Ligand SMILES: Nc1ncnc2c1ncn2[C@@H]1O[C@H](COP(=O)(O)OP(=O)(O)O)[C@@H](O)[C@H]1O
Ligand SMILES: [Mg+2]
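Residue numbers (the numbering used here): -6 to 238.
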C-alpha cells in the first residue's frame, strides 16, 4: 500500500507473490485495486469475477479464486470493484467485509496472502488495512515519496486505532537508481525514521520489470537473468528470514 501512484505496488505484489510461490510457499494474491492490473500482469482475463462479487454479492472467495501459477492463487478485482466505494448501507461493518470473507475462506491455510491496493484511500483501502496483519509500503527514490509516506502513516495509525489492533509495518525501497545521490538520500532518511522496519533488499530500477508486464508475465516468466528477478527473489528471502536493513 502507498498513496503515491507508480511506486511499484503492483509490480512488487505480483513478483513477490511469484517469488514466494517459486520458493515453495502457498500464496494467494488479492487485487483490491479496481484498475485490475494484477490480471494483466499474470496474463489473465480482467473481466472474470473476483473481489467485486465477494464484496458486493457475498460470493465466497474460494468461488472466484484462480490458479495463476504453481502454488500461486489469484483473486482478481473484477469489473465492478470500484462500485464498493459507493456502498452506503452497512455502516462501520462495510470496512470489515474483506476480513470476514477471508475468515470464511481457506486463506488462513495459505503461507502468504498478498493484497495489492490502489493509490486511493477509500473504503477498499480500509478493508485491506482491517484485513491485514502486516502492511508493506514501497517507497520509490524521490522526495515526493517522503511526503506520501507521512500521509500514509496517518491513515495507517488511524486504521490501527479504529480496529484496536496493531499492524506490522514494512518499508521497501523500490525503483532505485543506484547512481543517483537522491535515491541514497531518500533511503537514508527512511532508515532513520523507521529503524528496524525497512527490509534489507533494495529493488533496483530495471526495465525488464516494466516489459514483463506488457507480456502478461512476471519477471520470473520473462527474464530470470535480470536484476529485477534477482531483487524480488531476495525480497522474498527477506520475508522468509526476517532480514532487515
Ligand atoms: N523496479 C522497477 N523498474 C522499472 N520499472 C518499474 C519498477 N517498478 C515498477 N516499474 C514500472 O513503473 C510503473 C508503475 O509501477 P506499478 O507497480 O504499477 O506502480 P503502482 O502499483 O504503485 O501504481 C509500471 O509501468 C511498472 O512496470
Ligand atoms: Mg498498482
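Beta carbons are placed, not taken as given, at the ideal position from N, Cα and C, and that holds for glycine. Everything numeric in this text was worked out from a predicted model, so none of it was measured.
Asked: Please give me, in chain order, every unbroken run of the beta strand (DSSP E) with length at least 3 that falls completely inside the stretch 108 to 143.; Found: 127 to 133
Asked: Per DSSP, residue 21 is paired with what?; Found: 66 and 106
Asked: By the three-class DSSP mapping on this structure, what secondary structure does residue 156 have?; Found: helix
Asked: What residues are listed by DSSP as bridge partners for residue 167?; Found: 133
Asked: Considering only their Cβ atoms, is the gap separating residue 124 from residue 148 smaller than 8 Å?; Found: no
Asked: Verify whether the separation of the beta carbon atoms of residue 169 and residue 195 is less than 8 Å.; Found: yes
Asked: Return yes when at least one heavy atom of ligand 1 lies under 7 Å from the C-beta of residue 211, else no.; Found: no
Asked: Thinking just about the alpha-carbon of each residue, which of 127, 9, 136 and 137 is nearest to the one in residue 152?; Found: 127
Asked: Measuring straight from C-alpha to C-alpha, what distance separates residue 34 and residue 22?; Found: 12 Å
Asked: State buried or exposed for residue 98, treating a residue as buried only when at least 16 other CB atoms are found within 10 Å of its CB.; Found: buried
Asked: Among 13, 31, 24 and 18, whose alpha-carbon lies nearest the alpha-carbon of residue 205?; Found: 31
Asked: Let's test the definition: count the other Cβ atoms within 10 Å of the Cβ of residue 217 and tell me whether it reaches 16, buried, or not, exposed.; Found: exposed
Asked: Taking residue 236 as the reference, which of 209, 189 and 113 has the closest Cα?; Found: 189
Asked: Measuring alpha carbon to alpha carbon, tell me which residue in 24, 66, 143 and 221 is nearest residue 100.; Found: 66
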